[in-house]
Amino acid sequence: MKTINLQPISENAKVISGFAFKSTEFIDIGIPVVKITNVKKVSVTLEDCQFVDRKYLSLNEKYKINNGDVLIALTGSHLSQPNSVVGRVARYHYKEIALLNQRVGKFIIHGKNNLDLIFLYYYLVQDKILYSLALNAKGSANQANISPSDVERILIPVFTLSSQRVIADILSTYDDLIDTNRRRIQLLEEAARLLFREWFVYFRFPCLRQGYGGQAGYEKVHPVRKFDSNGVKIVDGVPEGWRKEKLNRIVSFLGGHAFKSTSYKQAGKYGIVTIKNVQQSSFIPKCTDYLDDTPDAMKKHCFLTNGDILISLTGNVGRVCLVYGENYLLNQRVAKIEAKKLIPKSFIYWMFDNSIMQKRIENLSFGSAQQNLSPIKLGEQTVIIPPDPLLKSFDGIVSLINIEIVQLLIQNQKLAQARDLLLPRLMSGEIDLLRYDKLSNGVGV
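So the sequence shown is numbered by this note's numbering: it starts at -6 and just counts up by one.
Right under this line is the structure:
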């Protein structure tokens, strides 16, 4: 393996800070402004962003964000909160122009153009770089700050521009596949949500011609709340044949184990799933703590398997997700939801992943400094259960969707693992790029 020289980012690029917009300048619609909350790990999101008037497009070009730009959060949390940690780097993938807010940095290549921006992005997303920035950040216990000069001092490997592009192309291939799968997952999730909403919220559900609740094989769909024409009546606020049940009669909320933090390791056989792993509709497979052996007193349900439904009981309470992957253990303040009475798991999951249920859960939460959710109080909530034929029809469609979602998530996890194993080997020069260079430009490393 050849020795790779290093040089600071400042040799070929600079980091500029965003514009200091005033709070009075934000409006409901206009040009999106990217704040540090919009800079997620890997990519920028415009969800919940704020806007300014189009006149601000006349600002200096450096404040404009275009498709493909690489941004960095100059303010954030410490390493204990990885989702909002300072120094996280992301790419902007939108076609529309956005504007850069203060405390968000943008990388600009200068000089002789000897640095590929995507190569730089991949080098900076490595955990070792993020940890280094976060550990050296300044600020209070709740907020960490880094400066553009802190970032510009980072040492990066010196490759020819052609080799940089080869490395970027190799790694981008993995990310392109991940993005394709992610878009498929989003479409599948939206299809399942829409079906649940139509049938069980708006009551536009399939109905039998031979009489509601009779033989299987749905041939008609009820219009909203107009059931009389099809012989179905509303009784006590629900369609005839449906029933009201308390949640604790149809599901069990199984709490996690109170692991001893003194037994945690940085790596091991089993990942410990905490509330940080449970995001809304999204399971985060990367764990902070691990174990090689399980405690004798741990209950069997704490072993998690593909397709398990989790719900957060602390913090942003009520978030639900589907587990995927192997060797995960359930920690306290996260519960696993298991169905009773032959209620399909698919129905249970999308019932909880629903805006109406989410609002009900928010109203049940308590606590000042940190919100908490009581499984006992949640279990006392009343929900509407459709007849078995309708449940079976829904499950016949949506269980296949859930299976495909989990399979795509597992595939993405494996792709990400392969990419992350390859990344440091490429950056260190361990992998010979000569044959790739010859195929592309005929230029050596």
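Each residue gets a CB set at the ideal place from its N, CA and C atoms; glycine is no exception.
Of the listed residues the options, nearest to residue i (C-alpha basis)
| i | options | result |
| --- | --- | --- |
| R177 | T30, V399, Q43 | V399 |
| L170 | I403, M420, L426, S421 | I403 |
| P141 | A6, D301, S361 | A6 |
| N129 | Y263, V144, L64 | V144 |
| L384 | L39, W235, K293, K262 | W235 |
| I265 | Y283, F276, H71 | Y283 |
| L240 | T375, N356, D21, I354 | T375 |
| L152 | G98, Q0, K262, D168 | According to the sequence shown, residue 152 is Phe rather than Leu. It is Q0. |
| L427 | T173, F100, V159, I336 | V159 |
| V35 | L366, L52, Y116, I22 | Y116 |
| Q363 | V32, K329, P417, T307 | T307 |
| L39 | D168, E18, R84 | R84 |
| D120 | T17, R81, D172 | R81 |
| Y49 | E18, R412, L154 | E18 |
| I304 | L164, T298, L297, I330 | I330 |
| I277 | N174, Q136, N405 | N405 |
| G249 | A260, L148, C295 | C295 |
Local Cβ density within 10 Å of residue i, reported as buried at 16 or more and exposed below that
| i | result |
| --- | --- |
| Q43 | buried |
| G204 | The predicted position of G204 is uncertain, since its pLDDT is 42 and thus under 50; a value taken from the coordinates is nonetheless stated next. Exposed. |
| F387 | buried |
| G389 | exposed |
| F345 | buried |
| Q157 | buried |
| N356 | exposed |
| R522 | Because the chain is modelled from -6 through 438, residue 522 falls outside the range shown and cannot be assessed. |
| S70 | buried |
| A127 | buried |
| I20 | exposed |
| D301 | buried |
| V37 | buried |
| K293 | exposed |
| K431 | Unreliable placement is indicated for K431, whose pLDDT of 49 sits below 50; no coordinate value is reported for it. |
| G439 | The structure shown does not extend to residue 439, since the chain is modelled only from -6 to 438, so the question has no answer here. |
Residue i beta carbon near the ligand SAH (any heavy atom closer than 7 Å)
| i | result |
| --- | --- |
| S361 | The ligand SAH is absent from the structure shown, which contains no ligands of any kind. |
Coil, strand or helix - residue i by DSSP
| i | result |
| --- | --- |
| C314 | strand |
| A332 | strand |
| K292 | coil |
| I424 | coil |
| S367 | coil |
| R81 | coil |
| K407 | helix |
| N76 | helix |
| L188 | helix |
| F387 | helix |
| N324 | strand |
| N106 | coil |
| L93 | strand |
| P379 | coil |
| D221 | Note that D221 has pLDDT 39, beneath the 50 cutoff, so the model's placement of it is unreliable and no number is given. |
| K99 | strand |
| P417 | helix |
Tell me the start and end of each unbroken beta strand (DSSP E) in the segment 119 to 163 that is at least 3 residues and wholly inside, in chain order.
148 to 150
Return the chain-ordered ranges of every beta strand (DSSP E) run that is complete within the segment -6 to 74 and spans a minimum of 3 residues.
-1 to 1, 6 to 10, 24 to 27, 43 to 45, 63 to 66
If you pair each beta-carbon of the segment 308 to 318 with each one of the segment 342 to 362, do three or more pairs fall below 8 Å?
With the cut-off at 8 Å, the segment 308 to 318 and the segment 342 to 362 touch.
At least three beta-carbon pairs within less than 8 Å, the segment 280 to 295 to the segment 252 to 268:
yes
So within the segment 340 to 365, which uninterrupted alpha helix (DSSP H) runs reach at least 4 residues, ignoring any that extend past its ends?
For the segment 340 to 365, whole alpha helix (DSSP H) runs of length 4 or above, ordered along the chain, are 348 to 357.
Do the segment 23 to 32 and the segment 90 to 98 meet, that is, are 3 or more Cβ pairs less than 8 Å apart?
They touch, by the three-pair rule.
Report the residue ranges of all beta strand (DSSP E) runs contained in full by the segment 223 to 303; include only those spanning at least 3 residues, in chain order.
236 to 239, 244 to 248, 263 to 266
Would you check if there are 3 or more beta carbon pairs closer than 8 Å linking the segment 80 to 91 to the segment 54 to 63?
yes
Validate contact between the segment 68 to 80 and the segment 103 to 112 using beta carbons, cut 8 Å, 3 pairs:
no
Whether or not the segment 10 to 23 and the segment 44 to 55 are in contact is what I'm after, with contact meaning three or more pairs of Cβ atoms, one per stretch, closer than 8 Å; do they touch?
Under the 8 Å Cβ criterion, the segment 44 to 55 counts as touching the segment 10 to 23, having at least three qualifying pairs.
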